[in-house]
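Using our numbering, you'd call the opening residue of the sequence shown number 72 and step up by one each time.
The block underneath contains the structure these notes are about, expressed in structure tokens.
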Amino acid sequence: MSRLSIFPDKADGTGVEKALPLVVSTDPAVIQSALLERGIGFEQWPAESDLAPGADQEAILQAYGDAIARVQRDGGYATVDAIRMTPEHPDREVLRSKFLDEHTHAEDEVRFFVEGCGLFSLHIGTEVLSLLCERGDLIRVPAGTRHWFDMGSAPRFCAVRWFNNSEGWVAQFTGDPIAKRFPGLD
């Protein structure tokens with residue numbers, strides 16, 4: 072079940088090292104509204120039940136073809152692909168470490184979770200919004216938004232990704248260690 076937690080971005084002075092949430096919701100309407108107020112897109116798509124577990128990129132893109140084409144057209148995204156991450160992936164630790172540092176992108180970061188889950192944390196103004204995305208969730212993080220992503224120590228997800236550039240995932244790291252103060256996926 073998708074979950075949104077909203078935290079203050081500063082320590083509260085109580086000596087608690089990790090921040091505590093001000094708001095927590097699993098209600099899709101509340102999640103969508105709270106994110107939309109802050110310029111973040113969130114949709115829930117019906118899961119394709121006829122998609123085989125472990126389906127390859129071609130099968131995934133075909134199964135969600137109409138919805139993928141709509142997002143690609145509406146956002147002007149040049150390319151789309153699917154990524155699968157498993158606990159056996161040889162680069163999982165390196166990739167997790169890279170994604171865990173706060174960063175921005177020159178383009179929107181748009182992801183649809185075909186399988187599994189991941190935790191997007193968005194640093195917007197004086198808040199950090201942590202969104203647990205699961206199967207059927209689409210998130211659209213606008214260009215320039217400070218954020219990080221935790222796929223967990225034993226990642227298990229498949230996601231469709233949209234890009235405006237041919238290089239794919241390109242990040243500008245902020246150097247802010249803020250992500251260490253907030254709960255991760257594990």
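In this text, a Cβ means the ideal position worked out from N, Cα and C, and glycines have one as well.
- Excluding its 5 nearest sequence neighbours in each direction, residue 194 has C-beta neighbours in its own chain below 7 Å: 80, 173, 217, 218, 249, listed in chain order.
- Only buried fits residue 189, as 16 or more other CB atoms lie within 10 angstroms of its CB.
- Around the Cβ of residue 152, a 10 Å sphere holds fewer than 16 other Cβ atoms; the residue is exposed.
- Only exposed fits residue 121, as fewer than 16 other CB atoms lie within 10 angstroms of its CB.
- The Cβ atoms of residue 178 and residue 214 lie closer than 8 Å to each other.
- Secondary structure note for residue 146: its alpha helix (DSSP H) is the uninterrupted segment 136 to 146.
- In terms of Cβ geometry, residue 149 and residue 234 form a close pair [threshold 8 Å].
- According to DSSP, residue 205 shares a beta bridge with 188.
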